[in-house]
Amino acid sequence: MMNKLATALLVTGLAVAPAASYANDTSKSDAARAQTGTSSMQGQSGMTTHTTKTGAAVSDAAITTKVKANFAADKEVSATNIQVDTDNGVVKLTGTAKSQDDAMKAADIAKATEGVASVDNAIRVSASGTKY
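Mapping of the sequence shown onto our numbering: residues 318 to 449, in sequence order.
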């Protein structure tokens, strides 16, 4: 009786092991893709392609941080009222500056920042008498 039970468990284990192993590998791949920000899609040809969804976002966040750091390092530009938004390497500057020169200097700083493809300068010049 014990031999039959042992044989039945062994056969069941051998039958289930490949499916369990596949499921384990699949979940690891999904977890790995989630950590790296990639996704996979199976096309009509049956081939799976991987695309990175967060690559541009991470790069854009890094560009935004660099531009803000460069503003902070510059003694001539008061960038406390200038907002920076980056999308696919295009930096958009909004907010207010004390003068047209400050707005242009902020745009020049952004253009000189590594990774910036172009700058959309939408900075408004504050009305005279407005203090920061």
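Even glycine gets a Cβ: it sits at the ideal position worked out from N, Cα and C.
key: Segments of 3+ residues assigned as beta strand (DSSP E) that fall wholly inside the region 407–437   = For the region 407–437, the full-length beta strand (DSSP E) segments reaching 3 residues or more read 407–414 along the chain.
request  = Could you please give me the residues that DSSP links to Asp-402 through a beta bridge?
outcome  = Within the DSSP secondary-structure output, Asp-402 pairs in a beta bridge with Lys-409.
ask   = For Thr-403, does the count of other Cβ atoms within 10 angstroms reach 16, so buried, or fall short, so exposed?
value = By the neighbour-count rule (16 or more Cβ atoms within 10 Å), Thr-403 is buried.
ask   = From Asp-425, Ala-439, Val-433 and Lys-321, pick the residue whose C-alpha is nearest to that of Asp-391; which is it?
value = Here the closest residue by C-alpha is Asp-425.
ask   = Relative to the C-alpha of Glu-393, which residue among Gly-412, Ala-386 and Ala-423 is closest?
value = Closest option to Glu-393, judged by alpha-carbon separation, among Gly-412, Ala-386 and Ala-423: Ala-423.
query = Using DSSP with H/G/I as helix, E/B as strand and the rest coil, what is Val-394?
reply = It is coil, neither helix nor strand.
ask   = Just how far apart, CA to CA, sit Thr-381 and Lys-415?
value = Their Cα atoms are separated by approximately 21 Å.
ask   = By the 10 Å Cβ neighbour count, where 16 or more other Cβ atoms means buried, how is Thr-397 classified, buried or exposed?
value = When all chains shown are included, Thr-397 counts as exposed.
query = Who pairs with Ile-440 in a beta bridge, going by DSSP?
reply = For Ile-440, which the question treats as bridged, DSSP gives the partners Gly-412.
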